[in-house]
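In what follows, a single structure is set out as structure tokens and then discussed.
Residue numbers (UniProt numbering): 1 to 474.
Here is the structure:
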């Protein structure tokens, strides 16, 4: 079955639904539209990258980068929970693992993009709808009585009756004075895997940020037999914690629902008590976090705006290292590097970076106000996902915000959407023909990044748009 290939640009055209962004989120909604369509529809998927279904997470070519969710929970479809597992077995990628063991395994992330592209090709072959991929960037979106007019980077205009915004993640800029003046070859983005792999093995590397992107960067250096020192600078110096050794451990025995009525501080205390009780019963503390998974969005939405701000100011980093964990083998590798002194973690705030000869002088300030100075050959930006829409480096998003078609989300995070995912403009009016998916909804949902959340959103947004267009035709 042939994979979807980009369509040569032929100037202005019309379509029923335009999907802006062809990473995991955009591909998931394209899959749902193809599956749910009952008649001929013209779908356009607009993604400038060289491959669909990758985005940041699944573009990695590195075997050392593993999924952070067991394979058995990574289906693209809410109604087919074993689909990814089925595909892995069909491809015979892990022949030594029985199905039950494979379901609990943290497999290579690079397989997931292949899986999504395979399912996209199958859905396209079976659907009455037609999907085309335009390998371009959308620069602007305007609305009129007929729908939306999308201005593409080649100068063409794409007119759509409805649009899905699945713009994916943006990397935060390096938070240091002098960063723009660093030579490009020493200033490495954690998501630039080729540049990471090219770092010489004896080099001193300074990684800014201590989250999942840092873990990926260190594992890539390690896979490349890196021998030089690796420094990590982060404000809290909290590294991601591991998943339990066994993903099929028993569930913690408590009802998480009463947590929703508690203020933030009492919630956190209750979670600590539940974790201690689980460990007393021989269960890992991670079992408590797994019980919270179905309530992820409700936990956020049940907090008042004041409590949400308090969470963002004081608790978010502690939450993240417990909630967004890494596979136990990856965690063990990081700890082994720390034990031998090759990986050193510094609790400090980055201040300035500037070139000095063949090195970069990195200056930071510790919590006690004392200065920290490091000399490194390479500085890796692993500060993670940019959450604030107004600082995201996306021309379409900045155009939407600038003209009032969109507004920043709660606390400036993401963009504002209605409860059903419809885009809200600067006056708070919902446009049911423009739907938002994924990380841009984080201000209202918080849990809006991982596949288990994205597949639900994709199914819901596809159904809502098809209903809108169907009502239009009557």
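Heads up, the beta-carbon is just placed ideally off N, CA and C, and yes, glycines get one too. A quick note: this is a predicted structure, and the numbers were derived from the prediction, not measured.
Report task. Assign residue 134 to one of three DSSP states: helix, strand, or coil. Result -> Strand.
Query raised in the report: So residue 322 packs on residue 445, CB below 8 Å; how close in whole Å?
Result: So it is not a contact: roughly 19 Å between Cβ atoms.
**Report entry** Sub-8 Å separation of residue 119 and residue 67 beta-carbons
**Finding:** Taking the C-beta atoms as reference points, residue 67 is found no nearer than 8 Å to residue 119.
Query raised in the report: The beta strand (DSSP E) with residue 207 in it runs from where to where?
Result: Here the beta strand (DSSP E) through residue 207 covers 205-208.
**Report entry** Exposed unless 16 or more other CB atoms sit within 10 angstroms - verdict on residue 318
**Finding:** Its Cβ having fewer than 16 others within 10 Å, residue 318 is exposed.
Query - Run of the alpha helix (DSSP H) containing residue 114, from where it starts to where it stops - result: Counting along the chain, residue 114 sits inside the alpha helix (DSSP H) bounded by residues 110-126.
Query raised in the report: Can you tell which of 21, 263 and 257 has the C-alpha that lies nearest to the C-alpha of residue 295?
Result: Of the listed residues, the one whose Cα sits closest to residue 295 is 257.
Query raised in the report: Which residues in the same chain have their Cβ closer than 7 Å to the Cβ of residue 374, if we skip the five residues on either side of it in sequence?
Result: Shown here for residue 374: same chain residues with a beta carbon closer than 7 Å to its own, the five before and five after excluded, namely 206, 231 and 362 in chain order.
Query raised in the report: What is the rounded straight-line gap between the Cα of residue 181 and the Cα of residue 353?
Result: If you take the alpha carbons of residue 181 and residue 353, they lie about 9 Å apart.
Query raised in the report: Does the region 70-78 come close enough to the region 219-229 that 3 or more CB-CB pairs lie under 8 Å?
Result: With the cut-off at 8 Å, the region 219-229 and the region 70-78 do not touch.
Query raised in the report: Is it the case that the Cβ atoms of residue 54 and residue 21 are separated by a distance below 8 Å?
Result: Between residue 54 and residue 21, the gap from beta carbon to beta carbon reaches 8 Å or more.
Requested in this report: Ignore the nearest five residues each way along the sequence and tell me which others in residue 34's own chain have a CB closer than 7 Å to its CB.
Outcome: By the criterion of a C-beta distance shorter than 7 Å, residue 34 is surrounded in its chain by 123, 124, 127, 129 and 131, once the five residues flanking it on both sides are discounted.
Query raised in the report: Whose CA, out of 184, 94 and 329, lies closest to the CA of residue 245?
Result: Looking at the Cα atoms, 329 is the closest of the given residues.
**Report entry** Range of the contiguous alpha helix (DSSP H) that encloses residue 403
**Finding:** Residue 403: member of the alpha helix (DSSP H) spanning 395-403, first to last residue.
Query raised in the report: What runs of the beta strand (DSSP E), each 3 residues or longer, lie entirely inside the region 230-263?
Result: Taking 3 residues as the shortest admissible run, the region 230-263 contains the following complete beta strand (DSSP E) segments, listed from N- to C-terminal end: 230-234.
Query raised in the report: Under the DSSP definition of a beta bridge, which residues are partnered with residue 144?
Result: Under DSSP, residue 144 forms a beta bridge with 147.
Query raised in the report: Does the distance from the C-beta atom of residue 453 to that of residue 172 stay below 8 Å?
Result: No, Cβ-Cβ distance for residue 453 and residue 172 is not below 8 Å.
Query raised in the report: Along the chain, which unbroken stretches of the alpha helix (DSSP H) at least 4 residues long are found entirely within the region 161-221?
Result: As far as the region 161-221 is concerned, its whole alpha helix (DSSP H) runs of at least 4 residues are 193-197.
Query raised in the report: Is the beta carbon of residue 167 sitting closer than 8 Å to the one on residue 160?
Result: In this structure, residue 160 does not lie closer than 8 Å to residue 167 by Cβ.
Report task. Evaluate residue 90 with the Cβ neighbour count: other Cβ atoms within 10 Å of its Cβ, from every protein chain shown; 16 or more gives buried, anything less gives exposed. Result -> Classification for residue 90: exposed.
Query - Cβ-Cβ separation, residue 434 to residue 422 (assumed contact under 8 Å), whole Å - result: Contact holds; Cβ gap of about 7 Å.
Requested in this report: Take residue 331 as the anchor and find which of 38, 36, 65 and 16 has the nearest alpha-carbon.
Outcome: The option with the nearest alpha carbon to residue 331 is 65.
Query raised in the report: In angstroms, rounded to a whole number, what distance separates the CA positions of residue 396 and residue 459?
Result: The C-alpha of residue 459 is placed about 24 Å away from the C-alpha of residue 396.
Query raised in the report: So, is residue 370 buried or exposed, given that buried needs 16 or more other C-beta atoms within 10 angstroms?
Result: Answer is exposed; the Cβ neighbour count stays below 16.
**Report entry** Where the beta strand (DSSP E) containing residue 373 begins and where it ends
**Finding:** Unbroken beta strand (DSSP E) run through residue 373: 371-376.
Requested in this report: Going by DSSP, name the residue or residues bridged to residue 284.
Outcome: Per DSSP, residue 284 has no beta bridge partner at all.
Query raised in the report: So, residue 198 versus residue 381, is the Cβ gap smaller than 8 Å?
Result: Contact: no.
Query raised in the report: Taking Cβ to Cβ, would you say residue 309 is nearer than 8 Å to residue 411?
Result: In contact: residue 309 and residue 411 (Cβ atoms closer than 8 Å).
Requested in this report: Could you tell me the distance, in whole angstroms, from the CA atom of residue 29 to the CA atom of residue 229?
Outcome: Between the alpha carbons of residue 29 and residue 229 lies a gap of roughly 43 Å.
Query raised in the report: Are there 16 or more other CB atoms within 10 angstroms of the CB of residue 185, so buried, or fewer, so exposed?
Result: Label assigned to residue 185: exposed.
Query raised in the report: So, residue 365 versus residue 349, is the Cβ gap smaller than 8 Å?
Result: The Cβ atoms of residue 365 and residue 349 sit closer than 8 Å to each other.
Query raised in the report: For residue 38, does the count of other Cβ atoms within 10 angstroms reach 16, so buried, or fall short, so exposed?
Result: Exposed: under 16 other Cβ atoms inside 10 Å.
Requested in this report: Go ahead and pull the three-state DSSP assignment for residue 346.
Outcome: Look at residue 346 here: in three-state DSSP terms it is strand.
Query raised in the report: Taking Cβ to Cβ, would you say residue 414 is nearer than 8 Å to residue 213?
Result: Not in contact: residue 414 and residue 213 (Cβ atoms no closer than 8 Å).
Query - Where residue 423 sits in the DSSP three-state scheme - result: Strand.
Query raised in the report: For residue 469, which residues of its own chain have a beta-carbon under 7 Å away from its beta-carbon, when the five flanking residues on both sides are left out?
Result: Taken in chain order, the residues that qualify are 16, 161 and 162.
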